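Enquirer: In the numbering used here, the protein residues as written are 3 to 241.
Glycine included, each C-beta is placed from N, C-alpha and C at the ideal position.
Since the structure is predicted, the reported quantities are computational estimates derived from the model, not experimental observations.
Could you have a look at this structure, given as structure tokens, before my questions?
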Amino acid sequence: MKRGPMSKAVSIKDKKDLSFLLAVLTLTPALVNWLALWLLNDAWLAIILSSVVFYGGAFWQVKAYGLEERAKLPTGKIIKSLGLGLISAGTVAALSIWAGNFYFGKAIPDNMLKLCSQKLYQSNAFPAGLLQFFIFVAVILPLGEELYWRAGLQGLLARRAGFKRHILISALLFTVYHLVTISFLMPGWAGLPLVAIVFAGGLILAWLTEHTGNIWAAVLCHGPGAWGATIYLIWKFLK
3 MKRGPMSKAV SIKDKKDLSF LLAVLTLTPA LVNWLALWLL NDAWLAIILS
53 SVVFYGGAFW QVKAYGLEER AKLPTGKIIK SLGLGLISAG TVAALSIWAG
103 NFYFGKAIPD NMLKLCSQKL YQSNAFPAGL LQFFIFVAVI LPLGEELYWR
153 AGLQGLLARR AGFKRHILIS ALLFTVYHLV TISFLMPGWA GLPLVAIVFA
203 GGLILAWLTE HTGNIWAAVL CHGPGAWGAT IYLIWKFLK
């Protein structure tokens with residue numbers, strides 16, 4: 003009898019095994035990010051190393067645990083996935099720009115903006131122009147993150163937890179990883195709104211993945227949507 007992909011997948015025996023695996027999957031990219039940002043003070047290196055971890059980790063998770071379907075875009079779901087992705091990307095971009103204009107333009111003191119801008123320059127965040135920055139930060143990195151967090155980690159959670167619970171846990175772990183970057187750029191109280199935004203974004207991306215059955219709506223929302231707006235705000239206020 004021919005075996006399907008699920009028959010080749012590694013099984014997770016109990017909750018302790020799953021908890022340990024989730025901790026490793028969350029802390030590994032966080033540690034890599036911390037080493038590049040806090041010890042080496044190189045934001046561009048953090049982007050490159052994080053991308054390597056995400057793509058490599060995603061490939062392992064998807065293959066080892068039989069999660070290939072979450073990374074595919076079936077013909078019958080193209081319109082639903084890409085359509086919802088474009089709508090959510092536009093909505094998220096508009097809301098992010100509106101909130102960012104208030105946050106950077108009114109809520110954050112000028113001296114804190116200058117400090118954040120200095121950190122970006124001193125940490126080699128802009129080694130090239132806008133196009134290269136956009137390709138890496140709004141295309142390559144978000145795709146790797148979605149493969150890693152939503153196709154992989156969230157796929158593992160979906161097998162052991164209910165719909166609401168695994169979406170919530172996925173968003174929490176996603177936020178924990180981003181604490182390294184937020185605390186580096188916006189330490190103290192100024193970073194709290196960014197933590198809330200990342201958590202809300204994690205919930206949206208997790209829901210999009212489960213609603214469509216694949217990661218591609220989330221990829222569009224995360225990359226051109228959220229990161230496209232963020233890059234616009236960075237160029238406007240911090241560069």
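Within 10 Å of its beta-carbon, does PRO226 have 16 or more other beta-carbons around it, so buried, or fewer, so exposed?
Expert: By the Cβ neighbour-count rule, PRO226 is buried, with 16 or more other Cβ atoms within 10 Å of its own.
Enquirer: With LYS82 and THR214 assumed to form a contact (beta carbons below 8 Å), what rounded beta-carbon distance in angstroms separates them?
Expert: 6 Å
Enquirer: Count the other CB atoms, across all protein chains shown, that sit within 10 Å of the CB of GLY68; report buried if there are 16 or more and exposed otherwise.
Expert: With 16 or more neighbouring CB atoms inside 10 Å of its own CB, GLY68 falls in the buried class.
Enquirer: From the DSSP output, in three-state form, read off PRO111 for me.
Expert: Here PRO111 sits in coil by DSSP.
Enquirer: For ASN35, which of helix, strand or coil comes out of DSSP?
Expert: Helix, per DSSP.
Enquirer: Count the other CB atoms, across all protein chains shown, that sit within 10 Å of the CB of GLY157; report buried if there are 16 or more and exposed otherwise.
Expert: Classification for GLY157: buried.
Enquirer: Could you tell me if GLN63 is buried or exposed, where buried requires 16 or more neighbouring beta carbons within 10 angstroms of its beta carbon?
Expert: buried
Enquirer: Using only the alpha-carbon positions, how far apart do GLY154 and SER90 sit?
Expert: 22 Å
Enquirer: One question on the structure: do ALA95 and ALA202 come within less than 7 Å of each other, judged by their Cβ atoms?
Expert: no
Enquirer: Can you give, in chain order, each stretch of the alpha helix (DSSP H) that sits fully within the stretch 146-203 and has at least 4 residues?
Expert: Along the stretch 146-203, the alpha helix (DSSP H) occurs as fully enclosed runs of 4 or more residues at 156-162, 165-187, listed in sequence order.
Enquirer: Count the other CB atoms, across all protein chains shown, that sit within 10 Å of the CB of LEU174; report buried if there are 16 or more and exposed otherwise.
Expert: exposed
Enquirer: If contact is defined by three or more beta carbon pairs under 8 Å, each pair taking one atom from either stretch, is the stretch 132-140 in contact with the stretch 110-124?
Expert: No: fewer than three Cβ pairs fall under 8 Å.
Enquirer: What does a CB cutoff of less than 7 Å around ALA38 pick up in its chain, not counting 5 residues either side in sequence?
Expert: ASP44, LEU47, ALA48, LEU51
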